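Residue numbers (our numbering): 3 to 378.
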């Protein structure tokens with residue numbers, strides 16, 4: 003090994019070491035949190051998913067439960083024709099097939115193991131995602147401890163707490179971005195492909211990757227990326243349509259409203275239902291979500307003008323734009339908007355790191371205060 007090779011090896015070793023500690027801290031925190039919830043529920047891991055009798059027992063007057071229950075139902079029964087009765091919006095829920103499928107595989111089909119495996123995947127996903135983000139930051143010369151903004155983002159914490167797919171989906175996005183940074187394109191495409199089947203909102207990052215390739219006139223790579231990711235995904239949507247009578251893509255599950263036509267109208271519309279609730283939501287989400295997304299739109303457009311058009315800039319633009327037109331049904335539910343904002347938080351963190359916006363990184367630490375919503 004010559005001197006240059008030794009230096010490269012030492013640099014890689016330093017990145018691995020420095021990125022490991024934030025991930026370990028995240029993993030310990032998530033495992034402790036999940037363990038505390040299970041213990042407080044008498045040792046029942048299904049308490050994480052919040053099952054409701056309305057869908058578990060097909061009782062219209064039963065309790066509603068929460069979204070994690072649908073992951074459990076699909077993992078128990080992968081047959082779309084029989085599980086549909088247990089889903090509020092069958093195609094919408096079934097399109098997120100990866101997490102139930104992995105849960106089924108790693109529990110070896112044993113029903114009693116399903117909730118434990120599901121909880122374990124959530125904790126492991128968030129730990130691994132933090133490690134991957136920390137590695138990306140270290141490669142860009144940013145202190146990897148800033149990855150805790152990702153690791154302790156409340157949207158991911160809710161995902162782990164409630165057996166939801168966000169931690170897995172964005173871990174796969176982080177893996178795709180790191181693989182791309184390391185010039186391992188086929189591996190990156192595979193992770194993008196998997197992310198789409200974890201949760202459809204990762205389309206924003208996949209579109210960013212495709213548009214980046216097109217802008218840079220990497221035609222062969224663009225076509226390959228589309229064929230590997232978007233074509234299978236939309237074929238799956240067509241299959242969902244044929245099975246359930248509608249595609250999976252939509253604005254939400256039961257009682258979901260449509261995407262808004264005017265920016266942030268989903269938030270402002272709360273005023274017509276409750277002035278007090280609107281003021282409370284605005285007090286939290288204007289500084290936490292609206293202003294960061296407006297900043298994201300402005301700086302990404304400035305980046306375009308300056309010729310900085312790549313997956314990081316495009317991902318920031320698309321995720322910021324999505325927040326502007328998010329449905330009222332998402333904005334009215336704090337957990338829903340916080341989980342959807344996971345893509346925005348990741349995009350802001352990556353952009354600020356890539357372009358050395360240290361002030362933005364420091365301000366982003368204030369996002370951690372939103373973890374009070376985990377106490378709900």
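Glycine is no exception: its CB is placed at the ideal position from the N, C-alpha and C atoms. None of the values given here were measured: they were computed from a predicted structure.
Problem - Element boundaries [alpha helix (DSSP H), containing residue 277] - result: It spans 277–287 - the alpha helix (DSSP H) in which residue 277 sits, taken as one unbroken run.
Practice task
Please classify residue 353: does DSSP put it in a helix, a strand, or coil?
Solution key: Helix at residue 353.
Practice task
Identify, in the order they occur along the chain, each residue of the same chain with its Cβ nearer than 6 Å to the Cβ of residue 317, setting aside the five sequence neighbours on each side.
Solution key: 207, 210 and 349
Problem - Chain-order list of residues whose beta-carbon lies under 6 Å from that of residue 217 (same chain, five-residue window excluded) - result: 311
Practice task
Determine the burial state of residue 9: buried for a count of at least 16 other Cβ atoms within 10 Å of its Cβ, exposed for fewer.
Solution key: Residue placement at residue 9 is flagged as unreliable, the pLDDT there being 49, under the threshold of 50; a coordinate-derived value is accordingly withheld.
Practice task
May I ask you to report which of helix, strand or coil DSSP gives residue 123?
Solution key: helix
Exercise for the section: Buried or exposed for residue 319, please, with buried defined as at least 16 other CB atoms from any protein chain shown within 10 angstroms of its CB. Expected result: buried
Problem - For residue 131, the nearest candidate out of 119, 109, 105 and 169 (CA to CA) - result: The residue with the shortest Cα to Cα distance from residue 131 is 169.
Practice task
Hey, could you find the ends of the alpha helix (DSSP H) residue 59 is sitting in?
Solution key: No alpha helix (DSSP H) holds residue 59; DSSP gives it neither H nor E.
Exercise for the section: Entirely within the segment 61–108 and at least 4 residues each: give me those alpha helix (DSSP H) ranges in chain order. Expected result: 70–78, 82–85, 92–96 and 100–108
Handout entry: Neighbour-count burial assignment, residue 133, 16 or more Cβ in a 10 Å radius
Key = Result: buried.
Practice task
Report the residue ranges of all alpha helix (DSSP H) runs contained in full by the segment 298–372; include only those spanning at least 4 residues, in chain order.
Solution key: 313–326, 330–333, 336–342, 344–356 and 360–366
Problem - Inter-residue spacing [alpha-carbon to alpha-carbon] between residue 11 and residue 184 - result: Low confidence applies here, because residue 11 scores a pLDDT of 48, under 50, leaving its location unreliable; read the following figure in that light. Each residue's alpha carbon lies about 14 Å from the other.
Exercise for the section: Note down the Cα distance separating residue 191 from residue 322, rounded to an integer number of angstroms. Expected result: Going from the Cα of residue 191 to the Cα of residue 322 covers about 23 Å.
Handout entry: Nearest-angstrom beta carbon gap, residue 314 and residue 352 [assumed within contact, 8 Å]
Key = Their Cβ separation, rounded to whole angstroms, is 5 Å, which keeps residue 352 and residue 314 in contact under 8 Å.
Practice task
Let me know the alpha helix (DSSP H) ranges lying completely inside the segment 127–165, each 4 residues or longer, listed in chain order.
Solution key: Note on the segment 127–165: whole alpha helix (DSSP H) runs with a minimum of 4 residues are 150–153 and 156–163, in chain order.
Handout entry: Reference residue 78; option with closest CA among 31, 213 and 108
Key = Out of 31, 213 and 108, the CA that lies nearest to the CA of residue 78 is found in 108.
Handout entry: Residue from 343, 254 and 193 whose Cα sits closest to the Cα of residue 295
Key = 343
Problem - Segment limits, alpha helix (DSSP H) that includes residue 200 - result: 187–200
Problem - Within 8 Å, strictly: CB atoms of residue 265 and residue 326 - result: yes
Practice task
Enumerate in chain order the residues of its own chain whose CB-to-CB distance from residue 287 is below 7 Å, with the five nearest sequence positions on each side excluded.
Solution key: Non-local C-beta neighbours of residue 287 in its own chain, meaning closer than 7 Å and more than five positions away in sequence, comprise 269 and 339, ordered along the chain.
Handout entry: Touch test, the segment 251–258 against the segment 271–287, Cβ-Cβ under 8 Å, three pairs minimum
Key = Taking a cut-off of 8 Å on C-beta distances, the segment 251–258 does not touch the segment 271–287, as fewer than three cross pairs fall below it.
Handout entry: Length of the line joining the Cα atoms of residue 204 and residue 172
Key = 7 Å
Exercise for the section: Output the residue ranges of the alpha helix (DSSP H) runs that lie fully inside the segment 213–285 and measure 4 residues or longer, sorted by chain position. Expected result: 221–227, 233–246 and 267–270
Exercise for the section: Examine the Cβ distances between the segment 96–106 and the segment 71–88 and report whether three or more of them are shorter than 8 Å. Expected result: yes
Handout entry: Whole-Å CB distance - residue 151 paired with residue 369, under 8 Å assumed
Key = 6 Å
Exercise for the section: Ignore the nearest five residues each way along the sequence and tell me which others in residue 142's own chain have a CB closer than 7 Å to its CB. Expected result: 355 and 356
Problem - For residue 114, the three-state DSSP class (helix, strand or coil) - result: Here residue 114 sits in coil by DSSP.
Exercise for the section: Give every residue of the same chain whose Cβ lies closer than 6 Å to the Cβ of residue 67, excluding the five residues on either side of it in the sequence, and list them in chain order. Expected result: 52, 53 and 54
Practice task
Measure the Cβ-Cβ separation of residue 106 and residue 80 and say whether it is below 8 Å.
Solution key: yes
Practice task
Identify, in the order they occur along the chain, each residue of the same chain with its Cβ nearer than 6 Å to the Cβ of residue 243, setting aside the five sequence neighbours on each side.
Solution key: 249
Problem - C-alpha gap between residue 95 and residue 39, whole angstroms - result: 25 Å
Exercise for the section: Would you check if the distance between the CB atom of residue 57 and the CB atom of residue 23 is smaller than 8 Å? Expected result: Not closer than 8 Å, so no.
Exercise for the section: Note down, in chain order, each residue of its chain lying with its Cβ closer than 7 Å to the Cβ of residue 70, except the 5 sequence neighbours on either side. Expected result: 50, 51, 52, 164, 165 and 166
Problem - Backbone CA spacing between residue 25 and residue 274 [nearest angstrom] - result: 43 Å
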